[in-house]
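Just below is one structure, and these are the notes that go with it.
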Ligand code: KDG
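This is the structure we're talking about:
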């Protein structure tokens, strides 16, 4: 049983040890588990929430590594299956001194991309309070898009709070237009939408956080809050019928790797919502976890325990002590 659920493609990431070396020339890689939705699940379970992760891996060393690590983290893996016909996806990530790293995906036709509706229909949603959805899984294949919609519908029918992170990955889509149309359409089926500011510009044509928020609030009856991620500057929160507000971020001096920051943001937000916090405070914790995430090399190993999160917020907060 769990209070949190998500569906995603787990990956292994091979992160280069050498800095600023082109991926084809790298000699040493470090292996981690990755995949946006798995990152969020791992982060929530590190904060002691009961989580469930739905996916399929191949019958191969990467798949076995993912299963082992996921079980070790206390995640409910009842619906993490093995399909011997396909392989587990992986990707290479460059270690860079500034900016976002270059990545190379090896995930086409993976086991997760070949999931089908039957993998979703039998899932027991009893006690689930929050479903996390990301725009990566529906980009994997036409069948993954169908599975995603079935899963989203089941969550909606069961009146479970859903949070949608557009997570744009242009390399996974046939065209930019298809990506924009499908992602904007899928966003309509969640109560909370979490676009980054750069994603907002691609998806609806403006870098103005209020305009981005209004676009998602206006396009769907179901969407009640939009949180626009502004990187180191924090976030902009707008709830239907209320004024929008900027929430300050946490500056960190030691940026190791930016990948996984957005998922960390979702961890902070969703953990707070599961604990019954008002959304404004949830966004503040989201900014904290996002900032902590960029200080390590893996995609999710920077996500904090509860103790580390309290310490980070108290040491970096101008508002004084902050309950976690
Ligand atoms: O958000 C982090 C993800 O980008 C990473 O873990 C790998 O799922 C991944 C992707 O599609 O890039």
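Numbering (my numbering), first residue to last: 70 to 393.
Cβ coordinates follow ideal geometry from the N, Cα and C atoms, glycine included.
All values derive from a computational prediction rather than experimental measurement.
Of the choices the options, whose alpha-carbon is the least far from that of residue i?
{"i": "residue 190", "options": "84, 148 and 280", "result": "148"}
{"i": "residue 170", "options": "180, 273 and 363", "result": "363"}
{"i": "residue 114", "options": "78, 193 and 341", "result": "341"}
{"i": "residue 326", "options": "312, 361 and 354", "result": "361"}
{"i": "residue 122", "options": "128, 108 and 130", "result": "108"}
{"i": "residue 80", "options": "102, 92, 93 and 70", "result": "102"}
{"i": "residue 397", "options": "94, 198 and 202", "result": "Lying before the first or after the last residue shown, residue 397 is absent from the chain, which here runs from 70 to 393."}
{"i": "residue 185", "options": "357, 131 and 220", "result": "220"}
{"i": "residue 218", "options": "127, 188, 266 and 284", "result": "188"}
{"i": "residue 311", "options": "282, 277, 385 and 248", "result": "282"}
{"i": "residue 242", "options": "269, 267 and 214", "result": "214"}
{"i": "residue 297", "options": "247, 324, 356 and 344", "result": "356"}
{"i": "residue 116", "options": "377, 386 and 381", "result": "377"}
Given a threshold of 16 other Cβ atoms within 10 Å of its Cβ, counted over all protein chains shown, does residue i qualify as buried or as exposed?
{"i": "residue 106", "result": "buried"}
{"i": "residue 140", "result": "exposed"}
{"i": "residue 255", "result": "buried"}
{"i": "residue 368", "result": "buried"}
{"i": "residue 258", "result": "buried"}
{"i": "residue 389", "result": "In this prediction, residue 389 scores a pLDDT of 44, lower than 50, which makes its location untrustworthy; the coordinate-derived value is nonetheless stated afterwards. The residue is exposed, with fewer than 16 neighbouring Cβ atoms inside 10 Å."}
{"i": "residue 228", "result": "exposed"}
{"i": "residue 307", "result": "buried"}
{"i": "residue 94", "result": "exposed"}
{"i": "residue 253", "result": "buried"}
{"i": "residue 396", "result": "In this structure the chain extends from 70 to 393, so residue 396 is not present and cannot be described."}
{"i": "residue 207", "result": "buried"}
{"i": "residue 244", "result": "exposed"}
{"i": "residue 323", "result": "exposed"}
{"i": "residue 200", "result": "buried"}
{"i": "residue 195", "result": "exposed"}
Problem set entry | At least 3 beta-carbon pairs within less than 8 Å: the region 149-166 vs the region 174-185 | The region 149-166, when compared against the region 174-185, does touch it at the 8 Å Cβ threshold.
Exercise. Going along the chain, which residues put their C-beta within less than 6 Å of some heavy atom in the ligand KDG?
Worked result: This selection yields 80, 103, 104, 105, 108, 205, 238, 328, 329, 331, 332 and 368.
Problem set entry | Contact the region 329-339 vs the region 308-318: 3+ CB pairs below 8 Å | No contact exists between the region 329-339 and the region 308-318.
For this session: Report yes or no: do the region 70-89 and the region 285-305 share at least 3 C-beta pairs separated by less than 8 Å?
Result: Judged by Cβ distances under 8 Å, the region 70-89 makes no contact with the region 285-305, as fewer than three pairs qualify.
For this session: May I ask you to verify whether the region 235-242 touches the region 261-279, counting CB pairs closer than 8 Å and requiring at least 3?
Result: Output reads yes: the region 261-279 touches the region 235-242.
Problem set entry | contact_flag[the region 82-97, the region 130-137] where n(CB pairs < 8 Å) is 3 or more | With the cut-off at 8 Å, the region 82-97 and the region 130-137 do not touch.
Problem set entry | Sufficient close CB pairs (3 or more, under 8 Å) joining the region 368-387 to the region 88-98 | Touching, no, given that fewer than three Cβ pairs across the two stretches are closer than 8 Å.
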